[in-house]
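Engineer: Here the sequence shown stands for residues 138 to 287, where the numbers follow our numbering.
Don't be surprised by glycine CBs; every beta carbon is placed ideally from N, CA and C.
All figures in this text were calculated on a predicted structure; none of them were measured in a lab.
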Amino acid sequence: MLRFDPFSSVNNDVRGLLAGQTGTSRSPRFMPMDLCKLEDHYVLTADLPGVDPGSVDLDVDNGTLTISAHRTPRSEDSVQWLTNERFFGTYRRQLSLGEGIDTAGIAASYENGVLTVTIPVAERAKARKIEITHGDSRQSIASPTTVDAG
C-alpha cells in the first residue's frame, strides 16, 4: 500500500512563492503525477518536461520513495525576456511506501518528459486463495461424556 502525504511539499511551495520576487531564481512548484494499481504492482507517472534525463534521481530509504530532478535555466545572457514563465531548478517529490512493497523490485524509465516508476507489491502482501481442507466424512465428533457423581 502506498500512502501519500500532501503536506510534505508545503515548505517547497512556500519557498517557491517567496522566491517569486524580481531578481531571484524561480524553482518548480509542482511535479504532477498519477498513481494507479494494476494487478500486482503500482504504476507512478510524473511529468518532468524539459528535465535532463541524467538529473533524474530515484531513491528509496526507510520506506520513503524520493523523486528528484533538475531543469537548468537558459543561460543566454544577451536575451531580453518578454515573458519567462517556465520554472527551473530542482523538483522533488516524496511518497511513503507501505510495508507490502518490494522495494528491491522498483524500476523506472524516463521518456518524452515522463518518468514512469513501477512499484511491485511484495509476494507476502499479494492476495492469495487459502485452501480449505475437509475432514474424513467417516470420522465423527464424539460428544462429551458425562460422569455420574453418585
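Sort 208, 218, 216 and 178 by Cα distance to residue 187 and report the nearest one.
Structural biologist: 208
Engineer: Identify, in the order they occur along the chain, each residue of the same chain with its Cβ nearer than 6 Å to the Cβ of residue 239, setting aside the five sequence neighbours on each side.
Structural biologist: Short of 6 Å from the beta carbon of residue 239, and not among the five residues preceding or following it, lie these beta carbons of its own chain, in chain order: 257 and 259.
Engineer: What residue range is occupied by the uninterrupted beta strand (DSSP E) comprising residue 213?
Structural biologist: Per DSSP, residue 213 belongs to no beta strand (DSSP E) and is neither H nor E.
Engineer: By Cβ distance, which residues of its chain are closer than 6 Å to residue 171, with the 5 residues on each side in sequence left out?
Structural biologist: Within the same chain, and ignoring the five residues on either side of residue 171 in sequence, the residues whose Cβ sits closer than 6 Å to its Cβ are 182.
Engineer: Let me check understanding here. Comparing Cα to Cα, which of 200, 179 and 230 lies closest to residue 193?
Structural biologist: 230
Engineer: Is the beta carbon of residue 175 closer than 9 Å to that of residue 243?
Structural biologist: Cβ atoms of residue 243 and residue 175: not closer than 9 Å.
Engineer: When the Cα atoms are used, what is the spatial distance from residue 255 to residue 269?
Structural biologist: 34 Å
Engineer: State the beta-bridge partners of residue 226 as determined by DSSP.
Structural biologist: 208
Engineer: Near residue 251, what residues of its chain come up, given a Cβ to Cβ distance below 8 Å and the 5 sequence neighbours on each side ignored?
Structural biologist: 182, 183, 184 and 185
Engineer: Is the separation between the beta-carbon of residue 228 and that of residue 204 shorter than 9 Å?
Structural biologist: yes
Engineer: Return the CA-CA distance between residue 219 and residue 236, expressed in angstroms with no decimal places.
Structural biologist: 50 Å
Engineer: Quick one: what does DSSP say residue 260 is sitting in, helix, strand or coil?
Structural biologist: helix
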